[in-house]
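Notes follow once the structure below has been shown.
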Amino acid sequence: MKSIRITRLPDTRRPALLGAALVLLAVTSSSVASADDGPGPFGVTVQAAPNSRSVRVGALFHGSAASEGGGGHFCTASVVHSEGRDLILTAAHCLDGEAQLSFAPGYRDGRAPYGFWDVQGVFLPEGWKQDQDEDSDVAFAVLAGRGDKEVEDAVGGNAFAAHRATGATAVTVTGYPGSVDTPITCTDKPAVHSRTQQRVECPSFAGGTSGSPWVNGDGAVVGVIGGHEQGGDTDDVSYSVVFGTEAEELYHVAALAG
């Protein structure tokens, strides 16, 4: 389980402290993998650089935007493109039962350069609502605007893609462990775990990284940390639902509601 349910404390079943386990490499050109479409080297976790892609990923916080993060962050989400320009994607177990939440895209070093945005509508799949089916551990949320702007106006949004073959391209996973205020990122090729689940080997994705997007070489989100064991019971292997018809239909419902 890679969410954090207790404010500011790591999940006791998942060591969230990175310490020496997370090697923040200064990647040189000689170590960059040339295969596929990821920056490489594959399977290495580093601090995410602030850029137009990473700022679409943000931390989910307990409490409203007015609290400015005072409730602590516990999961990760990312902006996906929609007509309303107000949609974020995360894991269902991050949104189930939470009363008041806010989202800070591009959150870094304890600051929210693009502000805090209130979650005003949550969309969970039927499989999750009925029995918390791990094959339905994906969710969307609509954000309230800030003035005359929607969140996608501020940071852009990734495409959402269902029915993609697992491992067809490498994916870049970016998220926020609960013990740090700066995102981490890793690129690797996902593998099939089952017909409905996929897995990726990226170290140090500890509690707080549930909901982290898996962005493929086309710049589309094809997974989020969640699914099997709500994302995995070790820091070094993460899981995601394979986005199929249920996730695709949920996306369209949420996008129309925004």
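Residue 212 in numbering that gives the first Met the number 0 sits at position 213 of the sequence shown, and the numbers go up by one each step.
For every residue, glycine included, the Cβ atom is placed at its ideal position computed from N, Cα and C.
None of these values were measured; they are calculated from a predicted model.
Look at E125 here: in three-state DSSP terms it is helix.
Under the 10 Å beta carbon count, H162 is surrounded by fewer than 16 other beta carbons and is classified as exposed. Boundaries of the beta strand (DSSP E) around A58: 56 to 61. If the five residues before and after G109 are omitted, its C-beta is found closer than 6 angstroms to the C-beta atoms of D180, all from its own chain and listed in chain order. Around the C-beta of A65, fewer than 16 other C-beta atoms lie within 10 Å, and the residue is accordingly described as exposed. Here DSSP, grouped into helix, strand and coil, assigns D187 to strand. Cβ contact annotation for G226 (same chain, cutoff 6 angstroms, sequence separation greater than five): E133, D136, Q196, Y238, S239, V240, in chain order. The beta-bridge partner set that DSSP reports for C74 consists of L59.
The DSSP-derived three-state label of E149 is coil. Taking C-beta separations shorter than 7 angstroms and ignoring five residues to either side along the sequence, the partners of V118 in its chain run L100, S101, F102, A140, L142, following chain order. Contact annotation, A91 with P112: C-beta distance approximately 28 angstroms; criterion of less than 8 angstroms not satisfied. Collapsing the DSSP output to three states places Y106 in coil.
D85 and D130 have their C-alpha atoms roughly 28 angstroms apart.
A direct Cα-to-Cα measurement between F159 and R198 gives close to 18 angstroms.
Under the three-state reduction of DSSP, T181 is assigned to coil, being neither helix nor strand. Within 10 angstroms of the beta-carbon of T233 lie fewer than 16 other beta-carbons, which makes it exposed.
Under the three-state reduction of DSSP, V252 is assigned to helix.
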